[in-house]
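Add 32 to a position in the sequence shown, counting from 1, and you land on the number used in the working numbering.
Ideal Cβ positions, reconstructed from N, Cα and C, are used throughout, including at glycine.
Okay, structure first, notes after.
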Amino acid sequence: MSVFASLVARLADLLEPFFHASAAAAAIVLFTACVRLAIHPLSRATARGQKARTKLAPQIAELRKKHRKNPERLQKAILELHAKEKVSPLSGCLPSLFQLPAFFLMYHLFSNQQIGGEPNELLTHTLFASPLGDRWTDALADGGVVGAQGLLYVALFAVVAAVATFTYRRTKQQMAASPGMPVAGPDGVQLPGAGAMTKVMPLMSFATLITVAVVPLAAALYVVTSTTWSAVERAWLYRDIPAGRGAVATAG
Numbered sequence: 033m034s035v036f037a038s039l040v041a042r043l044a045d046l047l048e049p050f051f052h053a054s055a056a057a058a059a060i061v062l063f064t065a066c067v068r069l070a071i072h073p074l075s076r077a078t079a080r081g082q083k084a085r086t087k088l089a090p091q092i093a094e095l096r097k098k099h100r101k102n103p104e105r106l107q108k109a110i111l112e113l114h115a116k117e118k119v120s121p122l123s124g125c126l127p128s129l130f131q132l133p134a135f136f137l138m139y140h141l142f143s144n145q146q147i148g149g150e151p152n153e154l155l156t157h158t159l160f161a162s163p164l165g166d167r168w169t170d171a172l173a174d175g176g177v178v179g180a181q182g183l184l185y186v187a188l189f190a191v192v193a194a195v196a197t198f199t200y201r202r203t204k205q206q207m208a209a210s211p212g213m214p215v216a217g218p219d220g221v222q223l224p225g226a227g228a229m230t231k232v233m234p235l236m237s238f239a240t241l242i243t244v245a246v247v248p249l250a251a252a253l254y255v256v257t258s259t260t261w262s263a264v265e266r267a268w269l270y271r272d273i274p275a276g277r278g279a280v281a282t283a284g
C-alpha cells in the first residue's frame, strides 16, 4: 500500500504544474488509463474470442438439436467444440478480473487515515474542493446537491448514466441474438430464472451508479474512467460486428 501511495503521489507531483490542486485526481485518471492500456491486449483477445464464438453459433445450434435429450453429452460436445476451435468461453472475464486489484488498491488507499504508520497525505488532495477521500454522503452534507461537491457528483453521475445507457442498449441487442445463453433446456423447458436473468443482465451496466455513490471520490474517478474506457474500447473492437449478432461482452 505504501508503494502504491508513493506512486500516486509522484504522479501527482509530475502533473501539479498542469492541474495544480487537482493534480492527484489527474494522477488517478492517468493511472487508470495506464491500467486499461496494460490489459488492452486481453481485451483484444476477448474480442477475437467473441467473434470466434459468434461464428460457432450455427454449430452450437446443431449440437443442441442433436443432443437435446442428453444434457451431459451436449455440454461435453460444446466444450469439445470450443477446445477444437481454440475458443475459451470464459475469456471475456479476464479484463474485469485483472482490474479488480487496482480498484481495491485505490479504494483502500483513500479509505485509510494512515499508510505505513504515517498520516495519509493523499487525503488532503481535492478535486474542485471535494476531498478525494470523501463520499457522496459527505458532499450532500456539505452544500447539498447544488453545492460545489454535490455538482461534481452530478457531473460524474451524468457521465456514468450516459455510458451505462449506451452499454445497456448494446448489451440488450446482443443478448437478443446471443447463442451462448439459452433460456430453455435441452428438453425445451425454460431454465429456472433464465428469463429473469436475460432481463436483468443488461441493467447491470447501471450498477456503476451505485458504486460511484458509495466509494471514495478517488475510487469513483477510477470507476468512471475505466467504465468510459470500456465503452469506447468495445465500440471500437466490435465495430465490425453489428449490434444484435454478437454475444455479450463483459463490462469493464
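Would you mind reading off the limits of the alpha helix (DSSP H) that contains PHE50? 34-51
In chain order, what residues of the same chain have a beta carbon less than 8 Å from the beta carbon of HIS140, not counting five sequence neighbours either side? MET33
Beta carbon of LEU249, beta carbon of SER162: below 7 Å? yes
The alpha helix (DSSP H) enclosing ALA56, as first and last residue numbers: 55-70
Would you check if the distance between the CB atom of VAL191 and the CB atom of THR240 is smaller than 7 Å? Result no, Cβ atoms of VAL191 and THR240 do not sit closer than 7 Å.
Less than 7 Å between the C-beta atoms of THR257 and VAL195, yes or no? no
How about SER143 and TYR200: do their beta carbons lie closer than 7 Å? no
What is the rounded straight-line gap between the Cα of GLU48 and the Cα of GLN91? 56 Å
Is it right to say ASP219 is buried, meaning 16 or more other beta carbons lie within 10 angstroms of its own, or is it exposed? Confidence in ASP219 is poor, its pLDDT being 38 and thus under 50, which makes the residue's placement unreliable; the coordinate value appears in the next sentence. By the neighbour-count rule (16 or more Cβ atoms within 10 Å), ASP219 is not buried but exposed.
Buried or exposed by the 16-neighbour rule on C-beta atoms within 10 Å, applied to GLN145: Its Cβ having fewer than 16 others within 10 Å, GLN145 is exposed.
Quick check: the region 54-61 against the region 146-165, are there 3 or more CB pairs under 8 Å? Taking a cut-off of 8 Å for Cβ pairs, the region 54-61 and the region 146-165 touch, as three or more such pairs fall below it.
Find out if the Cβ-Cβ distance for the pair LEU95, ALA109 is shorter than 7 Å. yes
Rounded to the nearest angstrom, how far is the Cβ of ALA245 from that of TRP168, given a contact under 8 Å? 5 Å
Could you give the first and the last residue of the continuous alpha helix (DSSP H) run that contains HIS114? Boundaries of the alpha helix (DSSP H) around HIS114: 103-116.
Mark ASP272 as exposed unless 16 or more other C-beta atoms lie within 10 angstroms of its C-beta, in which case mark it buried. exposed
Measure the CB-CB distance between PHE130 and ILE71 and report whether it falls below 7 Å. Cβ distance < 7 Å, so PHE130 and ILE71 count as in contact.
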